[in-house]
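Novice:
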Amino acid sequence: MTNIFEFRDVHFDYPEHDGGSALSGFSVSLPQGEKIAVVGRNGSGKSTFFLHCNGLYRPKSGQVFFKGEPLAYDRKFLQRLRQQVGLVFQNPDEQLFNASVTQDIGFGPLNLGLDEGEVRHRVQEAAKACEITHLLERPTHALSGGEKARVALAGVLAMRPQVMVADELMSSLDPWVRLSIFEILQNFHDQGGTILLATHSLSVVRYWASYVVVLEAGRVVFGGTPQALLNNSSVMTETGLSKIWWKVDPDFPEKAEFNAS
Ligand SMILES: Nc1ncnc2c1ncn2[C@@H]1O[C@H](COP(=O)(O)OP(=O)(O)OP(=O)(O)O)[C@@H](O)[C@H]1O
Ligand SMILES: [Mg+2]
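Just add 12 to wherever you are in the sequence shown, counting from 1, and you've got the working numbering.
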């Protein structure tokens, strides 16, 4: 089994964070081609972990590997890495900085050096998939939160990455858009893509994910299939997951809906 990412004993501190390390001895191996749900309480380190995946953050100690290769932090390596690893931020305002939606979606492909026609094609295609074609000429700052999240996702899709790392992508989206985003993710997965999705929805863990990573206080306390997690009574008890595992998420009622395509 090939690993798309491996983190080996990663430590990371924020300069203004006086309560200890955000990641402290963070180790995990993530299999390629899976739909990976990342769960953990607020502040457990999900976003910090994701920001290491495309080299935006660099470990204080320890190492990150992408497809077996240790990350380097020079411009050339990072540019290559970011073509392959698309990150949708938890807060789309941190991701979107161009004047219009079209420019925002096209920014990445343009930076890849693609010609204008190809960029236009990719923008149209990604906008259609994310149902934002009608917003293309709008200024990005004047969109709703959910619309911004869809623009951010379209910008990542337009890069055609191998890995999509999405930080709580669903939380600001209406239930109709959520379903269509799951279809987009399914398509992406069917074409061989690996997905990392940070989520607070246990329905997503149980019905969508093929692999789940559980974080607690800056460490990984479990990595495996959802069934293996359920069978692991010590992790289930110690993380408190056993108390909420059966909690139904009203926006995700049916297993079948995750696999609709
Ligand atoms: N910019 C920052 N400056 C200082 N500390 C930070 C910063 N961002 C996060 N932290 C701290 O790092 C730890 C991990 O935070 P992180 O944002 O990775 O958690 P999370 O699991 O994504 O949480 P959430 O579910 O709320 O999104 C927390 O203790 C948090 O307070
Ligand atoms: Mg977060």
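In this text, a Cβ means the ideal position worked out from N, Cα and C, and glycines have one as well. Bear in mind that the values here come from a model prediction, so they are computed numbers and not experimental data.
Please work out which residues of its chain come closer than 6 Å, Cβ to Cβ, to Q91, disregarding the five sequence neighbours upstream and downstream, and give them in chain order.
Specialist: none
Novice: Quick check on I256: buried or exposed, where buried means 16 or more other Cβ atoms within 10 Å of its Cβ?
Specialist: Looking at its Cβ environment, which holds fewer than 16 other Cβ atoms inside 10 Å, I256 is exposed.
Novice: If T206 sits next to E81, beta carbons under 8 Å apart, how far is it from one beta carbon to the other, in whole angstroms?
Specialist: T206 to E81, Cβ: 15 Å. No contact.
Novice: Rounded to the nearest angstrom, what separates D105 and G204 at their Cα positions?
Specialist: 29 Å
Novice: Since F38 sits in a beta bridge, which residues does DSSP pair it with?
Specialist: Residue pairing by DSSP places F38 opposite V22 in a beta bridge.
Novice: Where in the region 197–263 do unbroken runs of the beta strand (DSSP E), each at least 3 residues long, occur, reported from the N-terminal end onward?
Specialist: Listed in chain order, the complete beta strand (DSSP E) runs (minimum 3 residues) inside the region 197–263 are 206–210, 223–228 and 231–236.
Novice: Quick one, are the C-beta atoms of F24 and L35 less than 7 Å apart?
Specialist: yes
Novice: Considering Cα atoms alone, identify which of G52, S56 and A49 is closest to G32.
Specialist: Scanning G52, S56 and A49 for the CA closest to the CA of G32 turns up S56.
Novice: Closer than 5 Å is what we want: which residues have a beta carbon that near any heavy atom of ligand 2? List them in chain order.
Specialist: K58, S59 and Q102
Novice: Where DSSP assigns a beta bridge to F78, which residues make up the other side?
Specialist: F17 and E81
Novice: Does the beta carbon of A229 fall short of 6 Å from some heavy atom of ligand 1?
Specialist: Not under cutoff, so the answer is no.
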